[in-house]
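Participant: The structure follows.
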Amino acid sequence: MVVGELSDRTDVAVIGGGPGGYAAALRLASHGKAVILIERDAIGGVCLNVGCIPSKTLIHQAEVAWLPQTESETGLSVSVDLDPVAMLAHRRQVVAGLTNGVRELLRAAGVGVWSGEARFARADRLSVQSAGGVKHLEFDNCIIATGSRPIELTALQSAGGIPVLSSSGALELDAVPAELVVVGGGYIGVELGTAWAKLGSKVTIVEMGPQILPAMDQRLARAVTRRLGEIGVSIRTNSVAEATTAGSVRVRTGDSVIDLPATCAIIAVGRRPNSDQLNLDHVGVSLSPSGHIIVAPNRLAAGRIYAIGDVTDGPALAHKATAEAEVAADAIAGKPAAFDPAVIPEVVFSDPEVASVGATTGDHTFRFPFTASARAQTLGDRSGFVQLVADADHTIIGAQMAGKGVSELIGEMALAIEMAATVTDVAATIHPHPTMSEALGEAALGLAGRPLHIR
Ligand code: FAD
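Structure representation (structure tokens):
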């Protein structure tokens, strides 16, 4: 800071307006703290603007477009007219509705929002650069919630020939690519690849590991692999995309190299934390080898600096960021707080949806297939299963599931595990009929040794 420059002052500065940062700001305001939230791009962060929300909207659009392929299951004949330009406008409208909602929540809570890029000037001072110039902000406490950005493959992205997009670009397409190569078979690549395949692209997913969805249980990955084959998506595992040429992506599998025809490629090979542009050496926080900010259980990174969300270690998920936000805000407000969840549920909005929480193996497991579910029959899709895992004391310690709408079931099992529910607790909980959630009760009955609708 130059001599004579003035700085503003606040109780808490929050850097980043994603699901971590905005949730922290709201919680701090409810604790009576004066809060300034600084965002260099768009309030709502990756999740609302270029992540969870536009991707799930795209996936829903693709589901609708795919209805004609499922008509034999319903006895109906359906036809669909695709208008990719209108579909993009709809995705943007959904995003705008939610981000406006967050802005209004922040306004109503009295959170000050600054547009600009923040860097540490000192351990208690930020400089914030925007189009209007540089402002300075002194704080008592600061929360770093700067999230993450896509890992780039510069050899592919700079080669030219065909458009090479990040996940953000893939969500902004206003035309269906004829031939699409998705590099990376993690959940983002699988979700985007499935959606564009259902909208008409000929899709190949290139994955360097031996299976797609490497973070997921093998049985769940297998269920998705099978369905991708039925949809017409090719999967090349143990393979690496090396280059793009005019009209193709060059892929190496062991010693063999082929040029996969492509009019477009999407790079979805993971994300890296936004910890490298903050002048962190001014504040004494430590980074892990992967560049994530190291924190204590109450999210304290150093001095009066806290960190939450994707910029810290752990699964890069919006609900994890939001849960950590509450902990950091409570800690700053002087309340006892620690981020110590029993489990963090994970969902892939693939086809079928797959979801997992807690342990995948234990003393007792029982799998209830949706072929035995009345609700699955009424919905015309009986694929998939619910598996529950219990320990020697018959306490529920894990659940894995694949099938229609399982994203809505996994939360109940996260609650069961947090509350140390036993098999009997879940089996005795009356689940409404006919719903997919009955499968949870049925699997618990199976674990209790008295299965009802399955032998
Ligand atoms: P972010 O959402 O990344 O927000 C960080 C914000 O900080 C950004 O807005 C950025 O502009 C701002 N910022 C960074 N540096 C500075 C600076 N120096 N100054 C000012 N501002 C700065 N998660 C799920 O749980 N479910 C899903 O279904 C899901 N789907 C996804 C789909 C896609 C395609 C992608 C890419 C991600 C998805 N995620 C999903 C992950 C989810 O988006 C992230 O885990 C979540 O957004 C992390 O929240 P965050 O607050 O830590 O950071």
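Quick note: the sequence shown uses our numbering, first residue 1089, plus one each step.
All C-beta atoms in this analysis are idealised placements derived from N, C-alpha and C, irrespective of residue type, glycine included.
Counting C-beta neighbours from all protein chains within 10 Å, is the total for residue 1188 16 or more, i.e. buried, or is it exposed?
Facilitator: It counts as exposed.
Participant: Check whether chain C comes within 9 Å of residue 1223, counting only Cβ atoms and requiring the distance to be less than that.
Facilitator: Among the chains of the structure shown, chain C does not appear; only one protein chain is present.
Participant: According to the Cβ coordinates, are residue 1524 and residue 1436 closer than 9 Å?
Facilitator: Cβ distance not < 9 Å, so residue 1524 and residue 1436 don't count as in contact.
Participant: To test your reading of the DSSP string, which unbroken beta strand (DSSP E) runs of 3 or more residues are found completely within the region 1468-1500?
Facilitator: Listed in chain order, the complete beta strand (DSSP E) runs (minimum 3 residues) inside the region 1468-1500 are 1473-1478, 1484-1491.
Participant: Return the residue from the list 1300, 1176, 1391, 1512 that minimises the CA-CA distance to residue 1324.
Facilitator: When each option's Cα is compared against that of residue 1324, the closest is 1300.
Participant: Around the C-beta of residue 1481, are 16 or more other C-beta atoms found within 10 angstroms, so that it is buried, or is it exposed?
Facilitator: Flag for residue 1481 reads exposed.
Participant: What would DSSP say about residue 1541, mapped onto helix, strand or coil?
Facilitator: Residue state, collapsed to three classes: coil.
Participant: Can you give me the C-alpha to C-alpha distance between residue 1447 and residue 1385, rounded to a whole angstrom?
Facilitator: Rounded to whole angstroms, residue 1447 to residue 1385 spans 22 Å at the Cα level.
Participant: Would you mind working out which of 1212, 1145, 1406 sits nearest residue 1105, comparing C-alpha positions?
Facilitator: The shortest Cα separation from residue 1105 among 1212, 1145, 1406 belongs to 1406.
Participant: Touch check for the region 1228-1236 and the region 1384-1400: three-plus C-beta pairs under 8 Å?
Facilitator: The region 1228-1236 is in contact with the region 1384-1400.
Participant: Going by other Cβ atoms of all chains shown within 10 Å of its Cβ, with 16 needed for buried, is residue 1326 buried or exposed?
Facilitator: Result: exposed.
Participant: If the criterion is Cβ atoms closer than 9 Å, does the pair residue 1484 and residue 1474 meet it?
Facilitator: Going by C-beta atoms, residue 1484 is not nearer than 9 Å to residue 1474.
Participant: Quick check for students: name the residue ranges of the beta strand (DSSP E) that lie wholly in the region 1171-1203, counting only runs of 3 or more.
Facilitator: List check, beta strand (DSSP E) in window: 1200-1203.
Participant: In whole angstroms, what separates the C-alpha of residue 1469 from that of residue 1526?
Facilitator: About 15 Å.
Participant: Nearest-angstrom Cα distance between residue 1387 and residue 1444?
Facilitator: Taking the straight line joining both Cα atoms gives about 25 Å.
Participant: For residue 1274, which option in 1295, 1256, 1289 has the closest C-alpha, if you only look at C-alpha atoms?
Facilitator: Among 1295, 1256, 1289, the Cα nearest to that of residue 1274 is on 1295.
Participant: Just tell me which of 1391, 1343, 1390, 1361 has its CA closest to the CA of residue 1377.
Facilitator: When only C-alpha atoms are compared, the closest one is 1361.
Participant: What's the gap between the Cα of residue 1464 and the Cα of residue 1194?
Facilitator: Taking the straight line joining both Cα atoms gives about 41 Å.
Participant: For the structure I just gave you, are there three or more beta carbon pairs, one from the region 1131-1142 and one from the region 1215-1231, closer than 8 Å?
Facilitator: Result no; under three Cβ-Cβ pairs closer than 8 Å.
Participant: May I have a chain-ordered list of the alpha helix (DSSP H) segments no shorter than 4 residues that lie completely inside the region 1114-1168?
Facilitator: Correct list: 1133-1138, 1140-1153.
Participant: Excluding the five sequence neighbours on either side, which residues of its own chain have a C-beta within less than 6 Å of the C-beta of residue 1367, listed in chain order?
Facilitator: Within the same chain, residue 1367 has close Cβ partners 1207, 1208.
Participant: Within this structure, are the beta carbons of residue 1416 and residue 1506 separated by less than 9 Å?
Facilitator: No, the pair does not count as a contact, with Cβ atoms beyond the cut-off.
Participant: Let me know if residue 1115 comes out buried or exposed under the rule of 16 or more other beta-carbons within 10 Å of its beta-carbon.
Facilitator: Residue 1115 should be labelled buried.
Participant: Should residue 1423 be labelled buried (16 or more other beta-carbon atoms within 10 Å of its own) or exposed?
Facilitator: By the 10 Å Cβ count, residue 1423 comes out exposed.
Participant: Work out the CA separation of residue 1173 and residue 1263 for me, nearest whole Å.
Facilitator: Near 7 Å, if we compare the C-alpha coordinates of residue 1173 and residue 1263.
Participant: Assuming residue 1354 and residue 1244 form a contact by the criterion Cβ under 8 Å, report the distance between their Cβ atoms to the nearest whole angstrom.
Facilitator: So it is not a contact: roughly 10 Å between Cβ atoms.
Participant: For residue 1098, which residues of its own chain have a beta-carbon under 6 Å away from its beta-carbon, when the five flanking residues on both sides are left out?
Facilitator: So the qualifying residues of the chain are 1122, 1124, 1227.
Participant: Can you check the region 1302-1345 for any alpha helix (DSSP H) of at least 4 residues that lies completely inside it and give the ranges in chain order?
Facilitator: Segments of the alpha helix (DSSP H) lying fully in the region 1302-1345: 1306-1319.
Participant: Relative to the C-alpha of residue 1321, which residue among 1249, 1280, 1491, 1178 is closest?
Facilitator: Checked all of 1249, 1280, 1491, 1178; the closest Cα to residue 1321 is 1280.
Participant: Shorter than 8 Å, the distance from the beta carbon of residue 1135 to the closest heavy atom of the ligand FAD, or not?
Facilitator: The answer is yes for residue 1135.
Participant: To the nearest angstrom, how far is it from the Cα of residue 1298 to the Cα of residue 1306?
Facilitator: For residue 1298 and residue 1306, the distance between alpha carbons rounds to 10 Å.
Participant: Spatial neighbours of residue 1127 within its chain, please: CB distance less than 6 Å, with the 5 preceding and 5 following residues excluded, ordered by chain position.
Facilitator: 1105.
Participant: Let's test the definition: count the other Cβ atoms within 10 Å of the Cβ of residue 1314 and tell me whether it reaches 16, buried, or not, exposed.
Facilitator: That one is exposed.
Participant: Hey, quick one: how far does the alpha helix (DSSP H) through residue 1286 stretch, first residue to last?
Facilitator: It spans 1275-1286 - the alpha helix (DSSP H) in which residue 1286 sits, taken as one unbroken run.
Participant: From residue 1178 to residue 1318, what does the alpha carbon distance come to, in whole angstroms?
Facilitator: Cα to Cα, the separation comes out at about 28 Å.
Participant: How about residue 1126: is its Cβ closer than 8 Å to a heavy atom in the ligand FAD?
Facilitator: For the ligand FAD, at least one heavy atom lies less than 8 Å from the Cβ of residue 1126.
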